[in-house]
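Enquirer:
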Amino acid sequence: MPTASHSPWRHLPNAISMLRVALVLPIGWLLLHRNWSVALALVAVAGVSDGLDGFLARHYGWQSRLGGMLDAIADKLLLICCFVILAWLGEVPIWLAAIVCGRDLVIALGALSWRLLIGRIDPHPSLLSKACTLMQIVYLLAVLLALIRWPVPVSWPFAWAVAVLCVASGLDYVIRWSRRAWRVGHGV
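In this text, residue positions in the sequence shown follow the UniProt record's numbering: the first is 1, and each later residue adds one.
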């Protein structure tokens, strides 16, 4: 009987992450054309699959460096695409889209700097980062539900909660990775 790391299913989490990457263009196109209900369905699929790939990887020991990077890339592409297009269409506040994109830009530049200056990077999202991603997905789903006239309150406090989590998560990344860089640089 094959072990978990040799199971033919061990690449399933990576395939699910790649599916999320592949969904970004159709979701963006649907948003641009204001096809809210189909966009909602695909964002929901992407949101559920985000949790599913992580669960499968952890539960069955199918975690990999590639999987961690694919998961992060899929999240960032999807969220940036949705927030930028919805802000451009006037459906989410521009300041919120700027905070979401700014956080991801800081994280991406930090990861690139680490790779260039220190070496291999192994992504380890914090609980705060996972909460931030979840809150962004829930916010997008609420916005899309409201756009198809479901009685879902999308209020300013909800947007501010997303913003606060983005800022807190971004600061957490900067502090944690700066400490790691300092320890590596000082041989600690």
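We treat Cβ as the ideally placed atom computed from N, Cα and C, and that holds for glycine.
1) A44 and L30: beta carbons closer than 8 Å?
2) Which word fits P13, buried or exposed, when buried means at least 16 other C-beta atoms lie within 10 angstroms of its C-beta?
3) Please state whether the Cβ-Cβ distance between W36 and I148 is less than 8 Å.
4) Reducing DSSP to helix, strand and coil, say where S7 ends up.
5) Drop a sphere of 10 angstroms on the beta-carbon of D122, count the other beta-carbons inside from all chains shown, and report buried for 16 or more, exposed for fewer.
6) Could you tell me the boundaries of the alpha helix (DSSP H) in which R65 lies?
7) Could you check what DSSP says for N14 in three-state terms: helix, strand or coil?
8) Could you work out which residue in L145, R103 and H11 is closest to residue 189 when comparing CA atoms only?
Expert: Walking through what the data contain:
1) Mapped onto the sequence shown, residue 44 falls at position 44. Mapped onto the sequence shown, residue 30 falls at position 30. Result no, Cβ atoms of A44 and L30 do not sit closer than 8 Å.
2) Mapped onto the sequence shown, residue 13 falls at position 13. P13 should be labelled buried.
3) Position 36 of the sequence shown, counted from the first residue, corresponds to residue 36. Position 148 of the sequence shown, counted from the first residue, corresponds to residue 148. The beta carbons of W36 and I148 sit closer together than 8 Å.
4) One-based indexing of the sequence shown puts residue 7 at position 7. Looking at S7 - three-state DSSP - the assignment turns out to be coil, as it is neither helix nor strand.
5) Indexing the sequence shown from 1 puts residue 122 at position 122. Classification for D122: exposed.
6) Counted from its first residue, the sequence shown places residue 65 at position 65. Residues R65 to W88.
7) Here residue 14 refers to the residue found at position 14 when the sequence shown is read from its first residue. If DSSP states are grouped into helix, strand and coil, N14 belongs with the helices.
8) For the chain, the structure presents residues 1 to 188; residue 189 sits outside this window and is missing.
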